[in-house]
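Structure, rendered in structure tokens:
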């Protein structure tokens, strides 16, 4: 096997399931795959000789390395993947895959997968609204987003137009 030749990769610390997580991400997101899996040459604090130690994978074209380092450094909201979506169907598919596979939903488009990794599933209509030069549009889109768990693109579009928006 040849070591990863990318100039930079995200190193994500897992307790022990980096390979399982990488396979899930590759099956869930396009332009994602699992590459080399390196096994520990001897026992280590998070495992035994022969266990998967690192896993090379990509998520939406982003190079990652999963490190099975044990429970000492859990994931936190300080790091997340932000996935930009073009349709509500795409938003729903990613959200449902993460939350429906042992994950948890949070507020404003955030959710956590079953390994504790945080995701922001963000429709482009929201990021476009937040970049709008009109402060009123930004405020209405922001206030609508604050009522949501999974982002409802139609509700954001209604807020942009100045229409009343209920909680999603």
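Residue numbers (our numbering): 9 to 176. Beta carbons are placed, not taken as given, at the ideal position from N, Cα and C, and that holds for glycine. Since we're looking at a predicted model, the values are computed, not measured.
{"Check": "Beta-bridge partners of residue 113, as assigned by DSSP", "Outcome": "119"}
{"Check": "Length-filtered (4 minimum) alpha helix (DSSP H) runs lying within the stretch 144-170", "Outcome": "161-168"}
{"Check": "Extent of the continuous beta strand (DSSP E) to which residue 129 belongs", "Outcome": "126-131"}
{"Check": "DSSP bridge partner residues for residue 185 (one or two, in chain order)", "Outcome": "Residue 185 lies beyond the range of the chain shown here (9 to 176); nothing can be said about it."}
{"Check": "CB contact flag (residue 93, residue 132, <8 angstroms)", "Outcome": "yes"}
{"Check": "Residue 125 beta carbon less than 8 angstroms from that of residue 72", "Outcome": "no"}
{"Check": "Rounded C-alpha distance that separates residue 128 from residue 147", "Outcome": "20 angstroms"}
{"Check": "Residue burial classification, residue 42 (beta-carbon count within 10 angstroms, cutoff 16)", "Outcome": "buried"}
{"Check": "Rounded separation between residue 151 and residue 103 - CA only", "Outcome": "21 angstroms"}
{"Check": "Where residue 134 sits in the DSSP three-state scheme", "Outcome": "helix"}
{"Check": "Residues sharing a beta bridge with residue 93, DSSP", "Outcome": "131"}
{"Check": "Buried versus exposed call for residue 142 [16 or more other C-beta atoms within 10 Å across all chains shown]", "Outcome": "exposed"}
{"Check": "Neighbourhood of residue 55 by C-beta, 8 angstroms cutoff - its chain only, sequence neighbours within 5 removed", "Outcome": "24, 48, 61, 76, 78"}
{"Check": "Residues sharing a beta bridge with residue 76, DSSP", "Outcome": "22"}
{"Check": "Per DSSP, the bridge partner or partners of residue 41", "Outcome": "66"}
{"Check": "For residue 71: DSSP bridge partner residues", "Outcome": "66"}
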